[in-house]
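Reviewing the structure listed below.
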Amino acid sequence: MCHSLVLQHFYSTIKDISISAKCGSSQKKINMTFFKKYLYGDYGDKEVPTGGSLQNKPVNEWPLWEIFIRSKQGLDHKHVGSLHAADAQMAVENARDVYTRRQEGVSIWVVESKYIHASNPDDAESFYEPANDKVYRHPTFYDLPDELTHM
Amino acid sequence: MSTTQLFSYTLHLADNALILAQRNAEWTGHGPVLEQDIAITNISLDLLGQARNFYQHAASLYNNFNEEEKDAVDKFIPRLWKEYNRELQEDDLAFLRDEHQCLNLLITELPKGDWAHSILRQFFFSSFQFYLYQQLQNSTDAQLAAIAEKSIKEVNYHLRWSSEWVVRLGDGTEESNQRIKNELADLWMFTGEMFIPAPYELVDVVSLKTDWIKKIETVFAEATLEVPKQSWMQNGGKEGKHTEHMGYLLAEMQYLQRTYPNVTW
Numbered sequence: 004m005c006h007s008l009v010l011q012h013f014y015s016t017i018k019d020i021s022i023s024a025k026c027g028s029s030q031k032k033i034n035m036t037f038f039k040k041y042l043y044g045d046y047g048d049k050e051v052p053t054g055g056s057l058q059n060k061p062v063n064e065w066p067l068w069e070i071f072i073r074s075k076q077g078l079d080h081k082h083v084g085s086l087h088a089a090d091a092q093m094a095v096e097n098a099r100d101v102y103t104r105r106q107e108g109v110s111i112w113v114v115e116s117k118y119i120h121a122s123n124p125d126d127a128e129s130f131y132e133p134a135n136d137k138v139y140r141h142p143t144f145y146d147l148p149d150e151l152t153h154m
Numbered sequence: 004m005s006t007t008q009l010f011s012y013t014l015h016l017a018d019n020a021l022i023l024a025q026r027n028a029e030w031t032g033h034g035p036v037l038e039q040d041i042a043i044t045n046i047s048l049d050l051l052g053q054a055r056n057f058y059q060h061a062a063s064l065y066n067n068f069n070e071e072e073k074d075a076v077d078k079f080i081p082r083l084w085k086e087y088n089r090e091l092q093e094d095d096l097a098f099l100r101d102e103h104q105c106l107n108l109l110i111t112e113l114p115k116g117d118w119a120h121s122i123l124r125q126f127f128f129s130s131f132q133f134y135l136y137q138q139l140q141n142s143t144d145a146q147l148a149a150i151a152e153k154s155i156k157e158v159n160y161h162l163r164w165s166s167e168w169v170v171r172l173g174d175g176t177e178e179s180n181q182r183i184k185n186e187l188a189d190l191w192m193f194t195g196e197m198f199i200p201a202p203y204e205l206v207d208v209v210s211l212k213t214d215w216i217k218k219i220e221t222v223f224a225e226a227t228l229e230v231p232k233q234s235w236m237q238n239g240g241k242e243g244k245h246t247e248h249m250g251y252l253l254a255e256m257q258y259l260q261r262t263y264p265n266v267t268w
């Protein structure tokens, strides 16, 4: 039975509450931390020592941008990575400095990371697997009569 | 233009690029933010590439000189190389010349200082280089014109990058404005040297001044900075008379090649 509940850290600005409970007899320490719920794809800066949650970000950090570069032979802009910048123009120039050093690109797109939304990998089963066994969705499934010449 | 002039002028252009590349390279791993660390070291590498092109040109010029011409430029030729008994190469010119043989502008050899210092120095130098290379593209020497044509694209970006940072610092927070104002007070006296012609200059640098000042004024207006009124300017780099910082820079840069003569990878 736990006799005392000690509130170790309480931050009013973030919704992180860490509760350390000490049980008198067995000296067991229970750490319960409550996080704000994030949807998958809400990008945080995972390299930061504060752990990467959006609430723990240092106040002076520049926003994170995702970089897409189209190479000379390509038609589409491919995602090459991310970087920090204060605004869009700076992001384009930083992308030029960081990601086009070896002649990878002719065109750069930058998007702030917070505007990118991704699907949740937990949903992958229900999202993608049903399509695997529906062969009638492919055009090659159907036999065309010989008289059709322009399909 | 005489061949001696051409040789000296090429060395001057090469030294400018090399010494500033060396200073900017000191930012490796110490930049304020990762992306800016990469940006300024990229600039350093661009300048190093320009330096290489100029040194190669100077070396090939020298190797084709006759005895009379070689005597005329002998004061710029490194003593150590003469013992190697082989053709002059770009590395000999870069790494074996003494302080009084280097012809770079004084502004390039100043220590890297803080970020504001490097930014402001890069801005002053790149705007000068931009107008200089524009003129150099019309040079009668084909190789110099070709190098200028290739390099001006790089310098265009250096100028853009540094002028945007001057605006960011000048028009930023209280602290950044104060820092760049301090650096401006220290750096301004080194900018006059760019427009004082040396005997070997093949471009009319005096004519570049109006364009240069206009560029400075435009950017400073946006950065809420004032162009200083000070008129006394430091001088001497183009004749080989350098500041107290040059000796240390060369000692660090040339240490390997001097300790192990004729060393190769």
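Which chain is which? The protein sequence lines are A and B, in order. Counting in our numbering, the first sequence runs from 4 upward without gaps. Counting in our numbering, the second sequence runs from 4 upward without gaps. Where is the CB? At the ideal position from N, CA and C, for every residue including glycine.
So what's residue i in DSSP terms, helix, strand or just coil?
i	result
L67 (chain A)	strand
L37 (chain B)	helix
P133 (chain A)	helix
I199 (chain B)	coil
A20 (chain B)	helix
Q257 (chain B)	helix
R171 (chain B)	helix
A136 (chain B)	For the sequence presented, residue 136 (chain B) should be read as Tyr rather than Ala. Three-state result, Y136 (chain B): helix.
G44 (chain A)	Because the pLDDT of G44 (chain A) is 48, which lies under 50, any placement of that residue in the model is unreliable, and the number read from its coordinates should be weighed accordingly. In the structure shown, G44 (chain A) sits in coil (DSSP, three-state: anything other than H, G, I, E or B).
K115 (chain B)	coil
R124 (chain B)	helix
A226 (chain B)	coil
P264 (chain B)	coil
P124 (chain A)	helix
T143 (chain B)	coil
G27 (chain A)	Note that G27 (chain A) scores a pLDDT of 46, beneath 50, so its modelled location is shaky; the value from the coordinates is reported in the next line. Coil, per DSSP.
E86 (chain B)	coil
S5 (chain B)	coil
L106 (chain B)	coil
I150 (chain B)	helix
K217 (chain B)	helix
R140 (chain A)	helix
Q1 (chain B)	Not covered by the structure: residue 1 (chain B). The range shown for chain B is 4 to 268.
H153 (chain A)	coil
Under the DSSP definition of a beta bridge, which residues are partnered with residue i?
i	result
P84 (chain A)	Reading off the sequence, residue 84 (chain A) comes out as Gly, not Pro. A:I70.
V114 (chain A)	A:E69
From this set, the options, which residue's C-alpha is nearest residue i's C-alpha?
i	options	result
A24 (chain B)	B:L205, B:P202, B:W268, B:L252	B:L252
D189 (chain B)	B:Q233, B:P264, B:Y65, B:L162	B:Q233
E72 (chain B)	B:S47, B:I199, B:T111, B:F10	B:F10
L139 (chain B)	B:F127, B:F128, B:E152	B:E152
Q237 (chain B)	B:F193, B:E102, B:L21, B:F133	B:F193
N157 (chain B)	B:N45, B:L21, B:L16	Sequence inspection shows Glu at residue 157 (chain B); the Asn mentioned does not correspond to that position. Per the Cα distances, B:N45.
G84 (chain A)	A:D126, A:F71, A:A94	A:F71
L37 (chain B)	A:A88, A:G77, A:Q76	A:A88
D95 (chain B)	B:D74, B:Y65, B:W118	B:Y65
S116 (chain A)	A:H82, A:L67, A:R140	A:L67
A226 (chain B)	B:E177, B:F198, B:A201, B:V206	B:E177
S166 (chain B)	B:S5, B:E220, B:G239, B:M256	B:E220
R261 (chain B)	B:A97, B:E90, B:F79	B:A97
N185 (chain B)	B:E70, B:G116, B:T31, B:G34	B:G116
W112 (chain A)	A:K81, A:H153, A:T152, A:L151	A:K81
W191 (chain B)	B:P202, B:V230, B:Y263	B:V230
V114 (chain A)	A:E128, A:L86, A:P124	A:L86
A224 (chain B)	B:P81, B:E70, B:V170	B:V170
L119 (chain B)	B:S179, B:S142, B:V76, B:E70	The sequence given here has Ala at residue 119 (chain B), not Leu. Comparing Cα positions, the closest option is B:S179.
G157 (chain A)	A:G108, A:A134, A:H153	Outside the shown range of chain A (4 to 154) lies residue 157 (chain A), about which nothing can therefore be said.
V206 (chain B)	B:I183, B:N69, B:F131	B:F131
S63 (chain B)	B:Q146, B:H33, B:H15, B:L211	B:Q146
G240 (chain B)	B:A254, B:T267, B:E196, B:D214	B:E196
Cβ closer than 7 Å: which chain A residues qualify as neighbours of residue i?
i	result
I41 (chain B)	D100, V101
V36 (chain B)	H87
W164 (chain B)	E96
With a cut-off of 8 Å on the beta carbons, I'd call residue i and residue j a contact; round off their distance for me.
i	j	result
L113 (chain B)	R124 (chain B)	7 Å
Q8 (chain B)	I150 (chain B)	17 Å between Cβ atoms; not a contact.
G321 (chain B)	L228 (chain B)	In the structure as shown, chain B starts at 4 and stops at 268, and residue 321 (chain B) therefore has no counterpart that could be examined.
A61 (chain B)	T111 (chain B)	The Cβ separation is near 17 Å, so there is no contact.
I155 (chain B)	Q137 (chain B)	7 Å
N107 (chain B)	D18 (chain B)	4 Å
I22 (chain B)	G34 (chain B)	Rounded, the Cβ-Cβ distance is 20 Å, inconsistent with contact.
Output, in chain order, the set of chain A residues within a Cβ distance shorter than 8 Å of residue i.
i	result
N45 (chain B)	D100, R104
Item to check | Positions along the stretch 54-87 of chain B whose CB lies within less than 9 Å of some CB in chain E | outcome: Absent from the structure: chain E. Protein chains present are A and B.
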